[in-house]
Structure formats: structure tokens, C-alpha cells
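Chains as they are written, first to last, in my numbering: chain G, 993 to 1351; chain R, 993 to 1351; chain B, 993 to 1351; chain C, 993 to 1351.
Number of protein chains: 4
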Amino acid sequence: MTRAGCLNQGAERKGGHSVAAINVGLIGTGRIGRMHAQHLAFRVPGARLLAVANRSAEAAESCAAESQVPAAFTEYQRILDNPDIHAVVICTSTDTHARIIEEAAAAGKHIFCEKPLDLDLARIDQVLAAVAKAGVKLQVGFNRRFDSNFRRVRELVAGGEIGEPHIVHIIDRDPQPPPIEFVRCSGGMFLDLTIHDFDMVRYLISSEVTELYALGGVMVDADIGRAGDIDTAVVALRFANGAMGSIDNSRQAVYGYDQRVEVFGSKGMVAVSNKKPDTTECSTSRGVQSALPLHWFVERYTDSYIAEMRAFIECVQEDKPPPVTGLDARIASVMAHAASKSHVEKRPVKPSEIDTTMR
Amino acid sequence: MTRAGCLNQGAERKGGHSVAAINVGLIGTGRIGRMHAQHLAFRVPGARLLAVANRSAEAAESCAAESQVPAAFTEYQRILDNPDIHAVVICTSTDTHARIIEEAAAAGKHIFCEKPLDLDLARIDQVLAAVAKAGVKLQVGFNRRFDSNFRRVRELVAGGEIGEPHIVHIIDRDPQPPPIEFVRCSGGMFLDLTIHDFDMVRYLISSEVTELYALGGVMVDADIGRAGDIDTAVVALRFANGAMGSIDNSRQAVYGYDQRVEVFGSKGMVAVSNKKPDTTECSTSRGVQSALPLHWFVERYTDSYIAEMRAFIECVQEDKPPPVTGLDARIASVMAHAASKSHVEKRPVKPSEIDTTMR
Amino acid sequence: MTRAGCLNQGAERKGGHSVAAINVGLIGTGRIGRMHAQHLAFRVPGARLLAVANRSAEAAESCAAESQVPAAFTEYQRILDNPDIHAVVICTSTDTHARIIEEAAAAGKHIFCEKPLDLDLARIDQVLAAVAKAGVKLQVGFNRRFDSNFRRVRELVAGGEIGEPHIVHIIDRDPQPPPIEFVRCSGGMFLDLTIHDFDMVRYLISSEVTELYALGGVMVDADIGRAGDIDTAVVALRFANGAMGSIDNSRQAVYGYDQRVEVFGSKGMVAVSNKKPDTTECSTSRGVQSALPLHWFVERYTDSYIAEMRAFIECVQEDKPPPVTGLDARIASVMAHAASKSHVEKRPVKPSEIDTTMR
Amino acid sequence: MTRAGCLNQGAERKGGHSVAAINVGLIGTGRIGRMHAQHLAFRVPGARLLAVANRSAEAAESCAAESQVPAAFTEYQRILDNPDIHAVVICTSTDTHARIIEEAAAAGKHIFCEKPLDLDLARIDQVLAAVAKAGVKLQVGFNRRFDSNFRRVRELVAGGEIGEPHIVHIIDRDPQPPPIEFVRCSGGMFLDLTIHDFDMVRYLISSEVTELYALGGVMVDADIGRAGDIDTAVVALRFANGAMGSIDNSRQAVYGYDQRVEVFGSKGMVAVSNKKPDTTECSTSRGVQSALPLHWFVERYTDSYIAEMRAFIECVQEDKPPPVTGLDARIASVMAHAASKSHVEKRPVKPSEIDTTMR
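Laid out in C-alpha cells, this is it:
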């Protein structure tokens, strides 16, 4: 009989040579934090989740129990103080991101942080400066880049399959609106929802947006309008390489999570349709019926969340640049602010109007 | 033995009672004129194509022979002078449309005319006034309204299947650019190509565009740019009912004629994919391959051209309003001019800036 | 002004040189006869439909009027006696096919005949002998060979795209059963319905069936059983080249005309799905709904009927072998008889048991 | 700070009341055993994998390390002897299944065993008797029943969506043949591969096969033929409820794992297409290309393997009958033996000829 070691699975999977496990602390055990905790505990080879923290002891302990984490704290500083911990995963509310990143960087921890880094651009710049000064890695949670659909589109575009890209179109519609309390502190739909698409267009066609025009409206829920936000939008885009595009957003697609992109170019076009739970087609006298798209972000994007966390652990292990950087997050934020300005001022806006460093 | 009558098929198809055949003259026997002639001769019940006209005797006679038409003229006035002819189908070049419509109206003929009526809005207004004064019918050739795909989308939207429309998206890409000579006299891509989409959005969601913003560029062929036109465009739209939308155009989709629409609403979404010549899927070690979309407008839209001509003959026979009116054509032209202005002035434009009667 | 000639469209379409029009007489103006008459009159270049015949004068005259045919007879011999007529199209009931073919052959007419030639194999052999002796062409109405879907599958298989064929599967389901009176004189489902599939498997994989096993049952309508027939079947097949296959039939698919095939081979697989009237997909909270398949043979197979008639006229004009021969019809009949025997005797049957000439 | 417990995630997830964790030992750490170990360790709430066993110490220890299992043995009896272990999962080679099940039953362990229980029917009966006598649960590894596609088809059929089932068709093709050594001891393709489909048809339409006719051949690899087996088959089926069906098998589909079913009935039809890694469609001038099906059983069926193991743990926890019983396994084996006999004797065979208890 042999007593098996305590390493997480896969720690020794890297070909012949052994790779050191990365010790991780996770801060914030809300819905998305618990999901990341489970992935780090059970599905990310090479990660060892040593501690979780939440202001609520009950939430922290429940997450720890669920994911077999040895320690649960109410003070996240306990994680930052632990010299055995190499990396932190920040899943707290947006208004705390900047501060915790700065403290984690000062403590020499590598950092994964959910998007957005902050609603304020100047604050983002402070954060990025702190990270740069500390020399730690910062990866931001644009998980969709790790989805097999969007990744494949990028591969095909980057591989020249469709020639020079001319037009990109993104459809990004939530299955249902967030709670009004969330809407109030979200920074607005462009900063909360469309920001994913602003990152995605850059990812897909590897060119920067030079001008955008945003149409927005309240079509889904008048309360969202009363909270000062919109729930429906169309954004027209122009890119540095001459390409054009549009983004189409809604807070409520009653048929599920609508997540599609299409890139058209000089030699062809690549598009993705929605992912579904099964491929059944049922034909009756009333029509041919197939399954609805996967309904909510957890079922739709689980694989991409696992892949992004694996990529984060791998970039720490192998000392590589993170696949989604702080600069990526900053640019998407600039675009979101430009969209808000365009919507308010009813005119096309250049991102360089928002960010004087881009001029 | 019985000598069968000379009537075209279907003249007596209308239930029990007999319907008088409509005698038609066709003016202009270029590519699209010859196609309409074949349809009128062989595939439109109740139509009797009595004469065709073209400045070239050879072209007129060849068309007449091909479609078993008893008379071929070089002067279209011969058609207008014939009191037996009830209706004319005008397929000449755009710059002659206005004049021929006016003459035909004066001669008391019902009129089908290919789009656009004229490149100049004031001239369109003169034409519409002449038609109104003569009390004849005028149907304009927005054939796509008669396509089974778009017709079905409209039915579903109008029937409330998707609730209130929030976002409409149209993809309209030609398989290859027109000749440069055509580009030069076409009035520009917005007036030649996008005009179909301007009509289509109105048809699909039954609301008028109140503002649009047009991005355009030359991505396909620099010669098109040198001729003063664009070949690629994205147009963002806002409608009177609050809905938003976008149109995506290219003069060259190398994979065929890309003709899709999607309407998203409060209770669902309806979309159409391209029509294909066959439904084969071939799976090999290299991938799963299916057929390209139908490549050119004749193969793609033949059924819609037949249906539009049947609708024209029927509206004359039954004295009903035409399904596509001169006003429809005028509005689409206003939108096209607004798009050109937006593209040139790089700002959102309201159609009412173009058409002071809309204010 | 020019008086246009009376030739059907396209008679002069063959490149530069002129091709003589083929004068045709059509015998039998039931549902399928009227359809062929319309095609010959309006949609088959090079055909000139001079006369139609039907025992009912009213039916003959109505068909003639509908398709602008100059002559309508109650005696088909009037067609056979006319020396100007080069070819006949036989659309009468099955029990008259053999006799009319023999008479037409004796009169030196080229022959297109709907399937089956006869329910009795010995009688088919007499007919084929008469045709051979007369030296006229005989094409049999397996129209599905001319459908774009099945034709494309054959091209891909014959072109080696899927390597050596290993397994073929055909789904052939009618939308609704024929009238019981038809069932009684049809020769049974294998001879009426499955015979299309017996022809199709040979067409698709270019190898002969050496053994088959047929399961049949009455699942749709007990009256069909009382009339001595079946309405549902599965037939397993083995081919000379080692391939295997199965056919799946029903007299009633409530969702429409189900017409699919799939061929699997050493290098891949090719399959076709059903053709549909439109490509809409409507997503609501209840599911994603698309259109039903085209419902009935006329809407589903019109293009293939036109193509088969064009091929017939072309083989007469150009003195080429017909694309579907009397031997093809004979082999499909032998297979149908073998299936009936297998079903009755509940054992695998070799076609050579039916046809001693195949041993 | 709190030291979190050692329980696997989810042990306390069952609503309000706590459910006891099930302690599991796994026997056989080959490819499929290691997969089940990972699932039991990380993805099956309520399971606690305490030990693994393999004749090779290295294999056992490597599996234990990978899945954080506290104990690894070379003698599986060590697992049976452990009174803390409630259930065993048997993943050894087929020839050892019967013996280990008997010993595990004698030790009072609940049992999950991979299929088939044994190649010999009499031996299966002994095993089932031993299990019955011991009063333990036995679940057999027909994992496909837990796949979302097939489960959904069954739900729709059982829910009456397609009315009475008339015809079922299964396509089951491996991406590549197993090693020849495996072929030699597998009992033949019907017992190794088709057995899944024999179980599936029963699962889908809830009726027993009363007669089958099996065609088989060697089309893929002559070595398989030399080893006394076949690699390609078509099996025709008749069911007690009158329905018919066919199964289509190949050991090599070069385009991936082809896993489809279709059930046709009096009110409709339900079919599933293959699952794919992404939904991209790339249109170029050469065609429209989409992704190949998932290629191998691990990527295709991981979710079903997890679901079957969850179902096993749940049936032990809640003392419910297993969702796939020993009798299910026995019936599928009888069908496989009947198929072999049909193939050898070239005639339809009734399962009751194999199993006299079924008469």
C-alpha cells in the first residue's frame, strides 16, 4: 500500500519534467468566486488552492468546505500575508478591485482579477503602474477569449482563412437583466456587458477601434431606464485597418444566452452559432423544433472559465506573459467610455477623445 | 379533336369565375428584361405578353423569339400606343425610368418599374405626381419582398411571434462587384445596393427610420474608389418605434450571394440563413463541407421575381393597390440619400434632413 | 416590327449551332401528366408539345388549354399516327404502360414512360424486347436521379470523395398514404414506393444488390393492411461490392415528405437533409423552430421533373443513350419483387431467385 | 480562520438535510478506470474515493496520485476487505468481471461494473444470481443512456411527442478500430460495439427486440477479418410493439466518432446529430466548412460518464434501483449473441433462440 501525495491532479503532467505547483488564494466567494474555487481545486492541474477569503465567515467556510480548501478567512490580508501563496484570484465587487490589486502587487503576488479593473480610467492607470512596479503578472477575466467558438474564429482569421477582415459583427444578448441594484453600480451597460464585446472585436481581428457610434435604448425594462442605464444597444465601429463592424446587445433574450460572432473578409467569412445542450431535432406537424441555446453564463462558459484559469496558472508556472493583460482591460474600458459618450452626445466618438495617451 | 385556345396557362384558374387576362408590353430587354419576359410568357397566369421593345432590333427580336412574344419593336412608343395593352413593365436603364413612367401614365397604362425610379428625389416626386394624376397603378421592383425567406420573417414579426421588435440586422453582400461603368452611373452603392435593405427593414418591422449613421469604405477594389464610390458599408439605424438596427454590405462575398436578415424582439428572434442549391454535407478527415449559397441574383431570386410579377398582374386584374408602391420607392431613396450624406459628413443624419416633407 | 417565331424558348440556345426542336405527344393527362405537359410547354427548351391525349375529352382539353397545346385527343393512337411527332411521354395508369410502349415503339416514337413499366416481370421483358427491336429510345421516370441533392451525392461518391462505399442508408417517407383504391392496384408498397429507393441505391453506389431482407408492417392505417399491403418497412441490403445498406419507408410522415440519403465510406460520409420552403429559424422561450420539409412530390421534385424531361429531349436531339434505361427499370422491379418475397417468406432473398437470368 | 473539512464537494448539497458520503474503491486503473477515478475524486458530489487497485503497483499509484486517492493497492481484495468501503467500481478486463462481481457481492459491496458482464450468458446468469442473493446493487456501464442527446430523445419519445414509434435507426461508428489484440478477446464486434446500440434501442423505445437479421463484413482492415471478426455491420430489427429498425456500425469513421439516432413515429420524428467542439462555419470560395464531430469517446462522452457515476452514487445513497441493471446487461448480451448467430447462419434469429428463458 502507498500513501498518495497531496498534490492536485496533473501537477506532474507536463511531459517528463516536473513543474512546481502554484499555491493560490482566492478573494471573494460570491457566485463567480465559488466557481473559480471549484475549478482551482478540482480542474486546474498545477494549482493548489490554499485559502479563500470573504467578509462573511459563513460564505468563506462554505466555499472552503465545498472545494476542500484548507483555510477560510474573513480578512483577505491573511492571504496576502502568507508567504507560501504565489498568486491571488480576485472575485470581489468591482469597487474593491483596484485597492486589492495594489495591495496584492505590493505583497508580490501574481494576480488574476475579474473585469472591469475599475470604472475610472485614471484609477486603472494607477493600478497598472503599481503592477508594473511590482513586476508581478496581472491577468484580467475576459474569459470569452478562451471559449472554443471564439478561439476557433480567431485562429481562422489570424490564419488567413478569410483573407483581410472587412466586417465584424457581434451579437451578445443576456438571457435576463441583472438586478436593479447591480445596474445602479455597474457603470452602465457599455462598461458591464458591451465591454466583453469591445475586448472580443480586438481579439478577433487584431486591430484597434478608431471610432465608434453607439445607439442605446430602454426596450426591456423601464426600471433600468429609471436607474439611468440602457438595456438595448447597437454600436457601429471603425478599425485602424479599415475594417468596420457592429455590436448588437440586449439585456434580455428570452430564448437564452445569445453569443455569436461573424467576421467577413476578402476571402471568406467565419461565423459561430450558439452552443446548445443537445442536438435533437423534433419534427412534428407543427414544425421542426430544436433545443434552446445554453441559458446562463455558468453552463455556457464553464469550459472557458477553466481554460482561462489554466492559462493563468500556466503563465505563472512558466513565467510567460498573461494571455489577457492589464492593457487589454484598459483599452476595453476606454472603448466603453467612448460608447457612453457617443450615446449621450449622439455623435461618433474616437477612443482617443477619452484617452489622451492614445492620440 | 379540339383546337386549344391561345390563352396562357392559368388564366382561368381563379376558382369558378373567369378573370380577364392582362395584356402586357415590356420595355427594355437587357438581362433583367429578358428574365421578366420569360416569366410573363410562361410562368405568370393571367398575363399575356404582347410586345417587347428595345432600341436594338436584334435584342428585341431575340427576346421575343425566346419567349414566344408576337411583336418586337425598337420604339417603345409603339407599345404605349397600342390600346390593347393594359400594362407595361419597364426594365430600361435608370436614367430613362422617369420619362417612360410619365409617358406610360399619360397613356393610361398600369406600370411596373425596376428600382430605382430616379436618382433625383425631386424627379421622383414629379413622377409620382404624374402617376397619381393618371390614376394608374405603379409597382416598383423591390423583388426581395416576395422571397419566401423574407416574407416568412415578416409574417412571423407581424404575427407577434417575437413580440415587439428591438433590433434588426441585415447582411446583404453581392458575390462580385458590378462593372466600373455601371458603378459610375449607379448613384453610388447606397442608392444601388443598400436601397434594397432600406426597403427591407421597413418591410420587416413596419416602422420608419428616423436616424442613420453610415460607415463606408473601399476594401474590395480600388477602382471602385477611384470611380467615387464605396464597396463596403455598415449602417446603424434608429426607428420611430424605438428599435435599432444595422445593415452590413459588401460588393464581394467570394462564397456567393449572402442574403440574410435577423429580427430580435421582446419575445424571441427570427433569422434566415442563405438558400443553397443542395443540402449535402460531406464529412471527411478534413472537415464537414456543405454547399455554397446560390451565387447570383437570377438563381437566388427567380421565385421572388415570378411572385412579384404575379402580384403585379393580380393587382391590375383585381384592381387592388400594388404591394410595393411609389411611396415605398421614394422612402427608400430618401434613406439612401441620407446614408450618402452621413458617410460624407461623418455624422448621424435624419431622413427628414433630406426630405423636408418628412419633417 | 417583327413577328416572332413560334418556337419554344431555348430551341436555339445550344451554343452557336441550331438544334432541331423535338415534337412531342403526351398520353395521359392526370396529375402527373398535366405537370409534364406544363414543363414540356414552358420549361423544356427544344421541346414542342403538339398534342395531348386522354380518354376523357374534358381532361385532355383542359390540359391542352392550360399548356397552350394545339391538339387534344381522346384516342392516343392519333398521336402515334402523327408522323410529325418524334417522341411520346406516357403518363397513363400502370396497367396500360406495356401496351402503349409496344405500340409507340412499333410507330417509331422515342418513349418516356412513368415507372413502373409493368407489375409483371415477364411482361417487362416483352416490352424491352419490343423497344430494342424498334431501335427507339426508352427513358423511365425515376425522376429522383435528377434531383440536385441526390445527384450531388452521386457525384461525390463517384468522384471518390468518400472512398469506397461501405454503408448506404435511405429514408423515404411519404407525407400521407395514397387512396385505398390506388393501394389495391399498385402492386404493393415495395413496387410502388420502395422501387424509387431500389433505383436510388444503384444510382448512388454503382453496385448491384445481391441479397436483401425486408421487414414490413401495417403501422399507419389498418385499411392498407386489409387491402393486402403494408405501410411501413425496413429493408437490409447487401451489394456485390461488399457494401451494406438499409432503406426505411413509411406511407405517412406527418411532418412532410422525408427524402434523405447517406453514404458512408472508407474516406468519409455524405448525407443530405430535406429541402425546405424557407430557411427561417424562430427562437422563442419555447424552443427554436424551423420550417417543415416541402410537403408533397410536386413542390419537392418539380426541378427534378423538369431536369428529367430536359434530359429526355436532349437524348433524342443528340441521339445519346437515355440516362435511365429500361434495364434500370427492370432491375428495380426485380428488387421490389425480391423484397415482397422476403417479406412473405421471412428470410433473406437474392434478386437472382426472382430473375433466373441474373443467376 | 477555519479548517475546512475533508469531504468532497457537494456532500451536503442535497437541499437542507445532510446525505452520508459513499466510500468507494475502484478496481482496475487502465484508461477508463483512471477516468472514473478522476470523476469520483473531483466531480461526483457525495463520493469519497478511498482506494484504487491495480495489479501493477505503478499504475495504481500513478492513478492515486493523479486523483488524490489516499490508498493504492496491487490486490483488489484489500478493497473488498475494507469495511469502510460501501461500493466498488470495476474497470478491469472483461474476463475478470464475473469473478470480481461475485466476490464484491459476497463482501456486501454495491457494484458498478463496466460492460459487458461476461461474454458467456450462463456465466452472466451466475453473476446475477450472486448479486441477487447478496442483496447489493449492480449498475452496468451503458454510459450512453446518460448522454444529453440520447436522454432527450428518450424523453421526447416517452413523452409522446412523436406518437407511437414505428422505425428506429442508430448510427454508431468508431473513429478507428481497436488494437488487434483487443479484437481477439473482445467476443466480436456485436458483443463489444453493437451491444451499446442493442441497449440503446431498448432505452429509446421501451420495447424488446423479437427478431433481428445481421449483415456483417470486413471493409476496414483485413487483419480484423483474419482475427475472426468483422468491422462493418447493418442489423435489421423487429420489436414486440411492431416497430422496426436498423443499426449501422463501422469500426472506422475517418471524420470522427459518429453517434446518431433517429426515432420515427405516428406523430413525428426525433433525431440527433453529432456533438462538435465548436459551432464555427467557415465559408470560402471552396465551400462552407464546419468542425468535425468530437473524435474519441473520452471527449465525446465525458459528461455521460460523470452522470452515470453520479447516478450510481445517488442510487446507493438513496437506496433506489440502479438506472441500468444487470438484467439490462443480460438482454443486450442476448441480442449480441443473436446477431452473431444471424451473421453466421445468414438468417433472421429470434433472441429467444439464444435465451430459452425468453421463450
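Using N, Cα and C, we set each Cβ at its ideal position, and we do this for glycine too.
Computed from a predicted structure; not experimentally measured.
Reduced DSSP secondary structure (H/G/I, E/B, other) of residue i
i, result
"proline 1157/C", "strand"
"aspartate 1164/B", "strand"
"tyrosine 1249/G", "coil"
"glycine 1028/C", "According to the sequence as given, residue 1028/C is histidine; it is not glycine. Helix."
"arginine 1278/G", "coil"
"tyrosine 1068/R", "coil"
"phenylalanine 1231/B", "strand"
"aspartate 1073/C", "helix"
"asparagine 1015/R", "strand"
"arginine 1218/R", "helix"
"threonine 1084/C", "coil"
"serine 1258/G", "coil"
"methionine 1236/R", "strand"
"alanine 1225/R", "strand"
"arginine 1040/C", "strand"
Residue i, buried or exposed, once every other Cβ within 10 Å from all chains shown has been counted against 16
i, result
"alanine 1328/B", "buried"
"cysteine 1177/C", "exposed"
"glutamate 1310/C", "exposed"
"glycine 1318/R", "buried"
"alanine 1150/B", "exposed"
"glycine 1220/R", "exposed"
"arginine 1023/G", "exposed"
Neighbour flag for residue i against chain C, beta carbons, 7 Å
i, result
"alanine 1051/G", "no"
"aspartate 1189/B", "no"
"tyrosine 1205/B", "yes"
"threonine 1276/R", "yes"
"valine 1226/B", "yes"
CB contact check: residue i to chain E, cutoff 7 Å
i, result
"glutamine 1244/B", "Of the protein chains in this structure, namely G, R, B and C, none is chain E."
Chain G contact for residue i (CB, 7 Å cutoff)
i, result
"phenylalanine 972/C", "Residue 972/C is absent from the model: chain C starts at 993 and stops at 1351."
"aspartate 1368/R", "As displayed, chain R neither begins before 993 nor continues past 1351, which places residue 1368/R out of reach and without an answer."
"tyrosine 1297/B", "no"
Selected residue, minimal CA-CA separation from residue i, among the options
i, options, result
"tryptophan 1288/G", "Thr1086/G, Lys1312/G, Gly1248/G and Glu1300/G", "Gly1248/G"
"valine 1119/R", "Asp1295/R, Glu1147/R, Ala1052/R and His1089/R", "His1089/R"
"valine 1036/C", "Leu1185/G, Ile1071/G, Ser1085/G and Gln1030/G", "Gln1030/G"
"alanine 1142/B", "Arg1243/B, Ala1283/B, Gln1251/B and Lys1342/B", "Here residue 1142/B turns out to be phenylalanine, not alanine, going by the sequence shown. It is Gln1251/B."
"methionine 1181/R", "Ala1126/R, Leu1111/R, Phe1231/R and Glu1095/R", "Leu1111/R"
"valine 1227/B", "Ser1258/B, Ala1214/B and Phe1190/B", "Phe1190/B"
Any C-beta of chain B under 7 Å from that of residue i
i, result
"serine 1140/R", "yes"
"histidine 1158/C", "yes"
"aspartate 1270/R", "yes"
"valine 975/G", "Residue numbering for chain G in the displayed model covers 993 to 1351; residue 975/G lies beyond these limits and cannot be assessed."
"leucine 1148/R", "yes"
"glutamate 1067/R", "no"
is_contact[residue i, chain R] using C-beta, thresh 7 Å
i, result
"methionine 1192/G", "no"
Does the stretch 1250-1267 of chain B touch the stretch 1262-1275 of chain R, meaning 3 or more C-beta pairs lie closer than 8 Å?
-> Touching, yes, given that three or more Cβ pairs across the two stretches are closer than 8 Å.
Is the stretch 1094-1111 of chain G close to the stretch 1131-1142 of chain G, with three or more CB pairs under 8 Å?
-> Yes, the stretch 1094-1111 of chain G touches the stretch 1131-1142 of chain G.
With a cut-off of 8 Å, do at least 3 Cβ pairs link the stretch 1200-1208 of chain B to the stretch 1159-1172 of chain B?
-> Result no; under three Cβ-Cβ pairs closer than 8 Å.
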